[in-house]
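**Student:** Quick note: to get this note's numbering, add 1240 to the position in the sequence shown (first position is 1). Using N, Cα and C, we set each Cβ at its ideal position, and we do this for glycine too. Fair warning: this is a prediction, and the values are worked out from it, not measured in the lab.
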Amino acid sequence: MECKNCSQGFDGRFCPACGQKVIAGRITVRSLFVNLFTTITNLEKGFWHTMVRLFTRPDQVIRDFLGGSTIRYVDPFRYLFLWSSISALITLSFNLLEFQSDEMVKIGALKIQQTGKGADTAEVMAWVKRFLNIVPFLIIPFLALAGQWIFRRLKYNYAEHLAINGFLFGQVTLINLIALPVIFISPVFVLIYSGFSTLSNFVYYGYAFRKLGSYSVLGVVWRSLALYIASNALMAAIAMIISMIIIALL
1241 MECKNCSQGF
1251 DGRFCPACGQ
1261 KVIAGRITVR
1271 SLFVNLFTTI
1281 TNLEKGFWHT
1291 MVRLFTRPDQ
1301 VIRDFLGGST
1311 IRYVDPFRYL
1321 FLWSSISALI
1331 TLSFNLLEFQ
1341 SDEMVKIGAL
1351 KIQQTGKGAD
1361 TAEVMAWVKR
1371 FLNIVPFLII
1381 PFLALAGQWI
1391 FRRLKYNYAE
1401 HLAINGFLFG
1411 QVTLINLIAL
1421 PVIFISPVFV
1431 LIYSGFSTLS
1441 NFVYYGYAFR
1451 KLGSYSVLGV
1461 VWRSLALYIA
1471 SNALMAAIAM
1481 IISMIIIALL
């Protein structure tokens, strides 16, 4: 056949001269959405393979990718961006932040003080909603820094831990998305889902690192707990320093 872009003759799905993909027939709404999703997820470069293997063999995905065998897998940060963007889209479309807050108030799990801090809370909520899809990317550097020290036996450098956490945090986001509909069952499920989100993070990270480093159950439990505590402590410390700098400059 002849390439519609550069007129090069070829056989196959892509033109070897310019890379144009063969498009048979007319463009449809379905094909537009398929092309959009393919562009975002890079399906032809292992999206589904990456997703399934991160459930069954996260250690193999990590070892292969860090070892240079990247063609079978989607980039870890593209993977994380996809799921965090979908999560943010669903959360904002259904006003889930407000819904969770309202339901927790109804069951007495959250007390909102009618003070001057209400405006500050609203500003924080607005900021979170605006940058919801990049929040994971603000967390990853701290997870990687803590993970490099806690899982130092693996001998991975900081950049490699960034890639590891891109894969793992992306998968945890997917797991939480799958469980998300339960919050509409009953107000009490909002609390259950919040606990599940934390637990799924802890359990999946433990599962992945146990496979990756052949740790004992006890060894991976305390390390996963230490990772959770250390990464949150680092984020809190950095946030405090930044706040102090901003206050000093004002």
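Quick one: which unbroken alpha helix (DSSP H) runs of 4-plus residues sit fully inside the stretch 1370 to 1415? Chain order, please.
**Tutor:** 1375 to 1390
**Student:** Kindly identify the DSSP beta-bridge partner or partners of residue 1308.
**Tutor:** As a first step, residue 1308 is located in the sequence shown; it is residue number 68 there, counting from the start. In DSSP, residue 1308 forms no bridge with anything.
**Student:** Leaving aside the five residues before and after residue 1355 along the sequence, list all residues of the same chain whose C-beta is less than 7 Å from its C-beta, in chain order.
**Tutor:** Sequence index remark: in the sequence shown, residue 1355 carries index 115 (1-based). Reliability fails at residue 1355, whose pLDDT of 45 lies under 50, so the model's placement of it is uncertain and no value is given.
**Student:** Leaving aside the five residues before and after residue 1445 along the sequence, list all residues of the same chain whose C-beta is less than 7 Å from its C-beta, in chain order.
**Tutor:** Working through the sequence shown from its first residue, we reach residue 1445 at position 205. Counting only Cβ-Cβ distances below 7 Å, and skipping sequence neighbours, we find 1408, 1464, 1467.
**Student:** Take residue 1474 and list the residues in its own chain whose beta-carbon comes closer than 7 Å to its own, dropping the five residues that flank it on each side.
**Tutor:** On the sequence shown, position 234 is the one that residue 1474 refers to. Excluding positions up to five away in sequence, the list reads 1382, 1385, 1386.
**Student:** Tell me, please, which residues DSSP counts as bridged to residue 1249.
**Tutor:** Translated into positions along the sequence shown, residue 1249 becomes position 9. Paired residues: 1242.
**Student:** What do you reckon, are the CB atoms on residue 1405 and residue 1437 nearer than 9 Å?
**Tutor:** Here residue 1405 refers to the residue found at position 165 when the sequence shown is read from its first residue. Here residue 1437 refers to the residue found at position 197 when the sequence shown is read from its first residue. Cβ atoms of residue 1405 and residue 1437: not closer than 9 Å.
**Student:** Buried or exposed for residue 1298, please, with buried defined as at least 16 other CB atoms from any protein chain shown within 10 angstroms of its CB.
**Tutor:** Reading the sequence shown from its first residue, position 58 is the one you call residue 1298. The residue in question, residue 1298, is buried, as its Cβ has 16 or more Cβ neighbours within 10 Å.
**Student:** Is the beta carbon of residue 1332 closer than 9 Å to that of residue 1410?
**Tutor:** Indexing the sequence shown from 1 puts residue 1410 at position 170. Indexing the sequence shown from 1 puts residue 1332 at position 92. Contact flag unset, no.
**Student:** For residue 1358 and residue 1480, I'd like the C-alpha separation in whole angstroms.
**Tutor:** For the purposes of this step, residue 1358 is taken as the residue at position 118 of the sequence shown. For the purposes of this step, residue 1480 is taken as the residue at position 240 of the sequence shown. Note that residue 1358 scores a pLDDT of 46, beneath 50, so its modelled location is shaky and nothing firm can be said.
**Student:** Cβ atoms of residue 1314 and residue 1287: under 9 Å apart, would you say?
**Tutor:** Looking up residue 1287 in the sequence shown gives position 47. Looking up residue 1314 in the sequence shown gives position 74. In contact: residue 1287 and residue 1314 (Cβ atoms closer than 9 Å).
**Student:** Considering Cα atoms alone, identify which of 1448, 1401, 1461 is closest to residue 1389.
**Tutor:** Counting from 1 along the sequence shown, the entry for residue 1389 is found at position 149. Ranking 1448, 1401, 1461 by Cα distance to residue 1389 puts 1401 first.
**Student:** Roughly how many angstroms separate the alpha carbons of residue 1440 and residue 1461, rounded to a whole number?
**Tutor:** To locate residue 1440, count along the sequence shown from 1; it is residue 200. To locate residue 1461, count along the sequence shown from 1; it is residue 221. Those two C-alpha atoms are separated by around 13 Å.
**Student:** Using alpha carbons as the reference points, say which of 1396, 1290, 1453, 1452 lies closest to residue 1310.
**Tutor:** Here residue 1310 is taken as the residue at index 70 of the sequence shown, counted from 1. Per the C-alpha coordinates, the member of 1396, 1290, 1453, 1452 positioned closest to residue 1310 is 1290.
**Student:** Measuring CA to CA, which of 1375, 1325, 1300, 1470 is closest to residue 1450?
**Tutor:** For the purposes of this step, residue 1450 is taken as the residue at position 210 of the sequence shown. Nearest C-alpha to residue 1450: 1300.
**Student:** If we call anything under 9 Å between Cβ atoms a contact, is residue 1306 one with residue 1398?
**Tutor:** Counting from 1 along the sequence shown, the entry for residue 1306 is found at position 66. Counting from 1 along the sequence shown, the entry for residue 1398 is found at position 158. No; because the gap between Cβ atoms is not below 9 Å, this pair is not in contact.
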